[in-house]
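Each residue of the sequence shown is one higher than the one before, starting from 14 at the first, in the numbering used here.
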Amino acid sequence: MRIEHDVLQDFVEEIFKAAGSEPIEAAIVADHLVLANLSGHDSHGVGMIPRYIDNIKAGSLHPNEHVELVKKDGSILVFDGRAGFGQVVAREAMAETISVARETGLALSALRNAHHIGRVGTYGEQCADAGLVSIHFVNVTGHRGLVAPHRGADARYGTNPICISLPDTTEEPRIILDFATSKVALGKIRVAHNSGKELEEGLLIDKDGNASTDPGVMFADEVGSLLPLAEHKGYGLALMCELLTGAIGGGGTIQPKNVRDTRIINNMLSIVIDPARLTEMDYIASEMKAMCDYVRDSPPRAGFDNVILPGDPERAQREQRRADGIDIDEETWRQIIEAAASHNVTL
Numbered sequence: 014m015r016i017e018h019d020v021l022q023d024f025v026e027e028i029f030k031a032a033g034s035e036p037i038e039a040a041i042v043a044d045h046l047v048l049a050n051l052s053g054h055d056s057h058g059v060g061m062i063p064r065y066i067d068n069i070k071a072g073s074l075h076p077n078e079h080v081e082l083v084k085k086d087g088s089i090l091v092f093d094g095r096a097g098f099g100q101v102v103a104r105e106a107m108a109e110t111i112s113v114a115r116e117t118g119l120a121l122s123a124l125r126n127a128h129h130i131g132r133v134g135t136y137g138e139q140c141a142d143a144g145l146v147s148i149h150f151v152n153v154t155g156h157r158g159l160v161a162p163h164r165g166a167d168a169r170y171g172t173n174p175i176c177i178s179l180p181d182t183t184e185e186p187r188i189i190l191d192f193a194t195s196k197v198a199l200g201k202i203r204v205a206h207n208s209g210k211e212l213e214e215g216l217l218i219d220k221d222g223n224a225s226t227d228p229g230v231m232f233a234d235e236v237g238s239l240l241p242l243a244e245h246k247g248y249g250l251a252l253m254c255e256l257l258t259g260a261i262g263g264g265g266t267i268q269p270k271n272v273r274d275t276r277i278i279n280n281m282l283s284i285v286i287d288p289a290r291l292t293e294m295d296y297i298a299s300e301m302k303a304m305c306d307y308v309r310d311s312p313p314r315a316g317f318d319n320v321i322l323p324g325d326p327e328r329a330q331r332e333q334r335r336a337d338g339i340d341i342d343e344e345t346w347r348q349i350i351e352a353a354a355s356h357n358v359t360l
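Put into structure tokens, the structure is as follows:
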């Protein structure tokens, strides 16, 4: 299935309006999901719709909620997402955090209890739009673990993404580093499973801790586990995401005494910085340009065309997919159509 992004956006909006969202909320969520597909991150795109619809029906995702500021202490803010659409409440929390960072130069915010916030790079881009630097740590609670710790044979935590963003300068486009601390996001495993494709070696282990290339091990009755990126280093980063957001940020970790059902609850700890408070913007622009050029000038290894920077693949994908349309595999499309039909929505 290949579908134009604007047609897909309209369809997704109609699904969420039928599921109970106000038009503005439906538009925000649809825009976020479709932009993830446009950016090449199908794992966080419209394939999430069936899960969201199931969670609305189960009462673990609450349409039309807005973020609640539960504490403000100087430039430190704490928010409760009230189990609302993460794409809405995280956006609102970041808008308030950005406002404080503009005023004080530095802001720290903890967002708790947000339903799945989607592609974390979106919030880095939101800060970059404001001319600010940002760092984001995220954990996932409300369901079983997905990723095995280094040396472990079963899953103990989520894919726990990290995002670091630098805004555009006069010399360089923004740099957005956004990655899961597992070798691959679960959504990419879902896409491979729905497409009937095997995976590369070294990404998964089965229920017994043995290496596997079958994405189906993550959807079996006795599930397998994703593996952390960079062995002990990725595991360490993932654990720090869990503790920074879940313990320090107060949103709770994935440890089994906390609620586990089918919900997807995200907590996010964000640091937002006004770079102009640190040094001259002209210097930042020139130094970023010089460093980025230096990196790009590295001769590419065999099998690669060139050296790229964080954010380059997303820009290229958006250009291509806006022109050519978004590919969706048959099984994912069937699931989306089924979710839409449950609310009497058709394409």
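Cβ coordinates follow ideal geometry from the N, Cα and C atoms, glycine included. It should be emphasised that the depicted structure is a prediction, and the values quoted were computed from it without experimental measurement.
Can you check which of these residues, the options, is closest to residue i by C-alpha distance?
{"i": "Trp346", "options": "Leu239, Gly171 and Val204", "result": "Val204"}
{"i": "Ala71", "options": "Ser88, Arg125, Leu119 and Ala96", "result": "Ala96"}
{"i": "Ala166", "options": "Ala224, Arg276, Thr117 and Asn126", "result": "Ala224"}
{"i": "His156", "options": "Arg169, Leu145 and His163", "result": "Arg169"}
{"i": "Ser34", "options": "Arg276, Ser56, His79 and Asp310", "result": "His79"}
{"i": "Leu179", "options": "Ala251, Asp23 and Glu138", "result": "Glu138"}
{"i": "Gly209", "options": "Leu121, Ile218 and Phe232", "result": "Phe232"}
{"i": "Tyr307", "options": "Ser88, Glu185 and Lys84", "result": "Glu185"}
{"i": "Asp274", "options": "Leu74, Pro36 and His18", "result": "Leu74"}
{"i": "Leu145", "options": "Ala120, His129 and Val133", "result": "Ala120"}
{"i": "Gly131", "options": "Ile175, Glu244 and Leu250", "result": "Ile175"}
{"i": "Phe305", "options": "Leu322, Val113, Ala32 and Thr292", "result": "Looking at the sequence provided, one finds Cys at residue 305 rather than Phe. Nearest option by C-alpha distance: Leu322."}
{"i": "Tyr136", "options": "Ile69, Leu190, Asp219 and Phe24", "result": "Leu190"}
{"i": "Asn77", "options": "Glu38, Glu327 and Lys270", "result": "Glu38"}
Cutting at 7 Å between CB atoms, please list the residues of its own chain near residue i, excluding the five before and the five after it.
{"i": "Gly171", "result": "Asn152, Val153, Gly158, Leu159, Val160 and Ile267"}
{"i": "Pro313", "result": "Asn319 and Val320"}
{"i": "Asp44", "result": "Gln22"}
{"i": "His356", "result": "Ile28, Ala31 and Ala32"}
{"i": "His163", "result": "Pro241, Glu244, His245 and Tyr248"}
Can you have a look at residue i and say buried or exposed, based on whether 16 or more other CB atoms are within 10 angstroms of its CB?
{"i": "Gly237", "result": "buried"}
{"i": "Lys50", "result": "The residue you asked about is not Lys; residue 50 is Asn in the sequence shown. Its Cβ being crowded by 16 or more others within 10 Å, Asn50 is buried."}
{"i": "Asp342", "result": "buried"}
{"i": "Tyr65", "result": "buried"}
{"i": "Asp310", "result": "exposed"}
{"i": "Gln100", "result": "buried"}
{"i": "Glu26", "result": "buried"}
{"i": "Phe317", "result": "exposed"}
{"i": "Asp86", "result": "exposed"}
{"i": "Thr117", "result": "exposed"}
{"i": "Thr110", "result": "buried"}
Apart from the five residues on each side of it in sequence, which residues of its chain come closer than 8 Å, Cβ to Cβ, to residue i?
{"i": "Thr182", "result": "Met294, Ile297, Ala298, Met301 and Lys302"}
{"i": "Pro63", "result": "Gln348, Ile349, Glu351 and Ala352"}
{"i": "Leu199", "result": "Ser56, Leu159, Thr172, Met231 and Leu239"}
{"i": "Arg115", "result": "Ala143, Leu145 and Asp287"}
{"i": "Asn68", "result": "Leu74, His128, Thr275, Arg276 and Ile277"}
{"i": "Glu235", "result": "Lys220"}
Give the straight-line distance between the Cα atoms of residue i and residue j, rounded to the nearest whole angstrom.
{"i": "Arg125", "j": "Lys196", "result": "25 Å"}
{"i": "Leu46", "j": "Gly324", "result": "18 Å"}
{"i": "Ala336", "j": "Val20", "result": "13 Å"}
{"i": "Arg334", "j": "His18", "result": "8 Å"}
{"i": "Leu252", "j": "Leu360", "result": "42 Å"}
{"i": "Gly265", "j": "Cys254", "result": "11 Å"}
{"i": "Ser354", "j": "Glu344", "result": "The question names Ser, but residue 354 is Ala in the sequence shown. Approximately 15 Å, taken between the alpha carbons."}
{"i": "Lys201", "j": "Ala193", "result": "11 Å"}
Considering only residues of the same chain and omitting the five flanking positions on each side of residue i, which have a CB-CB separation below 6 Å?
{"i": "Ala141", "result": "Ser178, Pro180 and Arg187"}
{"i": "Leu358", "result": "Inspection of the sequence shows that residue 358 is occupied by Val rather than by Leu. Glu27, Ile28 and Ala31, listed in sequence order."}
{"i": "Val113", "result": "Ser88 and Ala120"}
Is there contact between the region 277 to 287 and the region 251 to 261, where contact requires at least three CB pairs shorter than 8 Å? Contact between the region 277 to 287 and the region 251 to 261 is present, because at least three Cβ pairs lie under 8 Å.
Under 8 Å: do the region 199 to 214 and the region 226 to 237 share three or more Cβ pairs, one atom per stretch? Enough Cβ pairs lie closer than 8 Å, so yes.
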